[in-house]
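S.K.: Provided herewith is a single structure, encoded as structure tokens, for subsequent inquiry.
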Amino acid sequence: MRRLAVVLALLGSLVVATPVSAEPRHEVTYDKYSLMVDDERVMLWSGEFHYFRLPSPELWRDVLEKIRAAGFTGVSLYFHWGYHSPSPGVYDFTGVRDVDRLLRMADDLGLYVVARPGPYINAETSGGGFPAWLKTVPGRARSGDPGYKAAYTEWLSRLNPIIARHQVSRGGPVIAYNVENEYAVNVDPAYMQDLQDQARAAGIDVPIVHNNCCHGDLANWSSGPGAVQIPGVDDYPQSFECGNPDAWGPWGEGVTRRLRDDAPVYAAEYQAGAIDLEDAGYDKCRDLTGPSFMKVFYKNNAISSGATMFGYYMTFGGTSWGWLPQPNDVYTSYDYGSAITESRQLTAKYDEFKRQGYFMTAVAPLTKTDAAAPPVPADPVVLARARANPDTGTQFVLVRQADLAGTADVSTTLDWATPDGRYRVPVRVAGRDAKVLVAGYDLGGQRLAWSSSEVLTHVEVSGRDVAVLYGRDGEQGSTVLRYDSEPTVRVLDGRVGSSYEHGDLRLDYTHTGLARVLVTGGGRRPLLLMLGTDETAADFWRQDTAAGPVLVRGTSLVRSAEVTGDRLVLRADTDRAGEVEVFAPVRHLTVGGRPVVVRRTAGGSLVGSLPGPEPVRLPELTGWQYRAEAPGQGESGWTAADKTTTASPIKPKTLPVLYADEYGHHNGNVWYRGRFTATGAEKTVTVNAITGRRGIYLVWLNGRYLGSAAGGTESDAEPVNPDPGRGDFAVPGGLLADGQQATLTVLVENMGHNDDWTADDVRHKQPRGLFGVVVEGSTAPLSWQIRGSRPVDGERGPMNTGGLYGERAGWHLPGSGGWRRPPGALTPGVSWYRTTFELDLPRGHDVSLGLRFEDTTARDYRVLIFVNGWNMGQYLNGAGPQREFVLPTGVLREHNTLTFAVISTGAARGDPGEVSLMTLGNHRTGAAPGR
Ligand code: GAL
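Here is the structure:
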């Protein structure tokens, strides 16, 4: 309904110039069954999307269109405090951080939004979404401590008004407001309540929700101080062991608990992918959480729990570009094994989302169900569970194997008392499969008594019903429809047997390809019934138009549909040449702005053919140029590092405090310079640095490279690690002379900040930078200076660069001078490489590109990848699984400058390994109107 309203508004050429839509206001309410908008029940089937992991707003629309095209009715959106705030009091909501624009897009597309402003979000992003400056604020984060309260009040005072003006109640898309995130341990109810009070004071009037992490006795905010209106549950039943993609529910059955009797059951974060904790690569995560898992766990959850609110984490994962990754759990890619890949391609998981999403949203009685007595399977290997709508009587029966992990292929019958009578229904349940069968359903103008096939969707076109049912390829299916008198059955395609008895028209068939049956007469309007397989069902797209919903078969994506007169206008993509078929009240078809020659089929649809994409030709990356960055190069930008106290609960090993955050340097690499008067008796320099996992640091003394070491991850309060990231570097004989000044130069990487999942303040306040330095054999005081990033690059934001000299001098930006031929060798320290390339991509195509690195693992270096100045991630040669980096359109342009900051820990022959552009997707596309 909401989508239809949007379509109508757009057709009325209503130009929405302000964030507040001119649509009438609506009221969001709820009861124990579902959310309601103006008393109409809503199936909130939403996918999680992180705008901050896609630094190209034009592509937000692409991803949101894909999410909507799969049948999602909403998106869940975290808002990332640190992404918007480089320093206290400074907030930026422009450009890639323009969340007003994001919310407008969701609104344009008719998607509801669950707004998730934190302040803490976790999300495997640096600091769990906290700005790193919070590390220097006294007081425990995620509590009512005044220091923290002042900080988060600042964030919410900027963000809440934006969210508030996009609420459903003001004609926008925001239907719920999620406070905090998995707030379960070390909790402070007054803080939880204050977040809600602040939201209400800012005009948030939609239901307030929370995503609880854990089963058991931990706080779940369903009652008592700090309780929310709709407490939801997070569930990751498949775990994050992507290295073992055949795992099956190691973390439980994944059924969402009801936490309040007066609110809908809410699967707030349901596993739709995984972080790659085992460096297995995200394709393995996609396998771990693939269609079988989705069928069994999602359907089991929907029917066993009766949830009508869902958030699937992640539906599109994206890229932790710049210094966004939280280093303990993730690397640059946050593909997540999602249904939509990091390069925005649709996968088999997308198809499964579509099959389930179309069903969940097309069959309205699902929004109000109670648990019901299930039919009894003749074979106890099969388990049935049921729900029924108390008003319509429609029944929903889940069939799966009693043993969730069972692998038998079982055929049995259900003894099923449906609203239309008692039947013996044949069902087949393969191992690791599940189905939701429907009985007693008014399918448009038809009466579906029952079916052993699953319902994909149905629409009404020109006075007839068009329905798609499906089952596994090769499985038998039966469908019974009720008629007043015997109807006429015409099998247009495939093999379908039919019989009529006592008002029941029974169709029997084997699912293969796409069968079509036309049923006319019998006292009802005509029905075109299509019986497909998993695969052929996924070829359908459903879109709403002002003339009602339409179906399209074929193309790789239908972004939008519009009926103008007797013409259907599609914005659709193709990844190969092929057929397109439309079921719509029209006689003509336009796709991507071009009329398509069509013919009418016996079933009343129109069929035509569409061209595939043109080939993509990519340039080779040649003509590399080089610039060296000397250790500690340049005299400007250094500040004294002389603090002797810190608000951090973690105290340094030696003074002064050298934590980078204390000096306002929160991202990327930091240079240090320590001066002392030598005696000549110095033997060893012992350094402790904390970088986060996989970070490194490099040490020079009087310009001589002493070596590098792995940085520490943390120095916990309990158990205390007094020696994190320790390196001992021998002082070469004769390097220092008595009475002369010596200079230690240290480059310390900051891989990102830890999260604060445990709300204990100790993890996320882990320092970054030097933790202690001791020159053994010397008692002379060291006087320190530090140099980190320059004030923010307004366009790319606070997390794009650190404090490399080249970053400060803009070498990562297009157009800098002073480059020469590469030396053909890596030297310890920082060196810069650059080339330019032109892209000549076919017009009207959506081409997704990536960058691939090839090298032996023998050389120890890492590369910060800058594309037109945007830091698109970090390649670690020889560490971690990532060799391919997605480069989004928008960051990529026609003329491009690719710049590498290379940090090598040793000397080695050759420049960085082979690097090439690669095509990750190529679609002829219905050009997206960007806004
Ligand atoms: C949840 C958390 C998310 C994300 C996810 C794992 O516990 O709420 O933010 O961290 O786990 O990817």
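Residues -22 to -1, 1 to 909 in mature numbering (1 follows the signal peptide of the UniProt record, and there is no 0) are what the sequence shown spells out, letter by letter. Even glycine gets a Cβ: it sits at the ideal position worked out from N, Cα and C. Computed from a predicted structure; not experimentally measured.
(1) Taking only heavy atoms of ligand 1 into account, decide whether any of them is closer than 7 Å to the Cβ of ASN159.
(2) Going by CA-CA distance only, name the one from ILE668, LEU483 and ASP369 that's closest to ASP348.
(3) Who pairs with ARG798 in a beta bridge, going by DSSP?
(4) Which same chain residues, not among the five before or five after PHE288, have their C-beta less than 7 Å away from its C-beta?
(5) Name the DSSP bridge partner or partners of VAL414?
(6) If you check the beta carbons only, do LYS621 and GLY750 fall under 8 Å apart?
(7) Can VAL536 and LEU548 be called in contact, C-beta distance under 8 Å?
(8) What are the start and end residues of the beta strand (DSSP E) that includes SER538?
(9) Compute the distance between the beta-carbons of residue 913 and ALA618, then report whether it is under 8 Å.
(10) Do you know how far the Cα of HIS644 is from the Cα of GLU891?
(11) What's the gap between the Cα of ALA445 and the Cα of ASP486?
(12) Taking the beta strand (DSSP E) that GLN852 belongs to, which residues open and close that run?
(13) Our contact map puts PRO109 next to LEU134 with C-beta atoms below 8 Å; I'd like the distance itself, whole angstroms only.
(14) Out of VAL53, ARG118, THR514 and ALA625, which has the shortest C-alpha to C-alpha gap to GLY532?
(15) Kindly indicate which residue of ASN164, LEU266, GLY543 and LEU854 has the alpha-carbon position closest to the one of ARG118.
(16) Determine the direct distance from the alpha carbon of VAL439 to that of PRO527, and round the result to whole angstroms.
(17) My assumption, with CB atoms under 8 Å, is that PHE30 sits in contact with HIS4. Please give the rounded CB distance.
(18) Checking the sheet assignment: what are the DSSP bridge partners for VAL635?
(19) At the level of alpha carbons, what is the spacing between ARG503 and GLU43?
(20) Do ALA340 and ALA351 have their CB atoms nearer than 8 Å?
(21) Could you check what DSSP says for GLY640 in three-state terms: helix, strand or coil?
(22) May I have the straight-line CA-CA distance separating THR903 from TRP38, to the nearest angstrom?
(23) Alpha carbon to alpha carbon, how far is ASN699 from GLU692?
(24) What do you get for GLY652, buried or exposed, if any count of 16 or more other CB atoms within 10 angstroms of its CB means buried?
(25) In terms of residue numbering, what span does the beta strand (DSSP E) encompassing LEU725 cover?
(26) Which residues in the same chain have their Cβ closer than 8 Å to the Cβ of ALA555, if we skip the five residues on either side of it in sequence?
(27) Can you give me the start and stop residues for the beta strand (DSSP E) that GLY300 sits inside?
(28) Confirm, please, whether the CB-CB distance from GLU660 to GLU754 is below 8 Å.
(29) Could you name the residues of the same chain whose beta carbon sits closer than 8 Å to that of GLY384, not counting the 5 residues immediately before and after it, in chain order?
(30) Grouping DSSP H, G and I as helix and E and B as strand, with all else coil, what is HIS144?
(31) Helix, strand or coil for MET287 per DSSP?
(32) What's the C-alpha gap between VAL558 and VAL585?
(33) Within 8 Å, do at least three Cβ pairs link the region 219 to 228 to the region 180 to 190?
(34) Measure how close the beta-carbons of ARG830 and ARG861 come, nearest whole angstrom, since I'm counting them as under 8 Å.
(35) Using the C-alpha atoms, what's the distance from ALA412 back to GLN379?
M.R.: Walking through what the data contain:
(1) yes
(2) ASP369
(3) TYR604
(4) LEU22, TRP23, SER24, ALA245 and TYR248
(5) For VAL414, DSSP records a beta bridge to LEU376.
(6) No, the Cβ-Cβ distance between LYS621 and GLY750 is not below 8 Å.
(7) It is a contact, given that the beta carbons lie within the stated cut-off.
(8) Where SER538 is concerned, the enclosing beta strand (DSSP E) stretches over 535 to 542.
(9) With the chain covering -22 to 909 only, the question about residue 913 has no answer from this structure.
(10) Here residue 891 turns out to be Gly, not Glu, going by the sequence shown. Cα atoms of GLY891 and HIS644: separation of roughly 30 Å, rounded to the nearest angstrom.
(11) 16 Å
(12) 848 to 854
(13) PRO109 to LEU134, Cβ: 13 Å. No contact.
(14) THR514
(15) Measuring from the Cα of ARG118, the nearest candidate turns out to be ASN164.
(16) 8 Å
(17) Between HIS4 and PHE30 the Cβ distance is about 29 Å, and since that is not below 8 Å, they are no contact.
(18) LYS621
(19) For ARG503 and GLU43, the distance between alpha carbons rounds to 33 Å.
(20) no
(21) Looking at the sequence shown, residue 640 is not Gly but Glu. GLU640: helix per DSSP, three-state reduction.
(22) 16 Å
(23) 8 Å
(24) buried
(25) 719 to 726
(26) SER587, LEU588, PRO589 and GLY590
(27) For GLY300, there is no enclosing beta strand (DSSP E), as DSSP marks it with neither H nor E.
(28) yes
(29) Same-chain partners within the cutoff: VAL359, GLY409 and ARG410.
(30) coil
(31) Here MET287 sits in strand by DSSP.
(32) Separation of VAL558 and VAL585 (C-alpha to C-alpha, rounded to the nearest whole angstrom) is 6 Å.
(33) Put simply, the region 180 to 190 does not touch the region 219 to 228. Fewer than three CB pairs are less than 8 Å apart.
(34) 6 Å
(35) 8 Å
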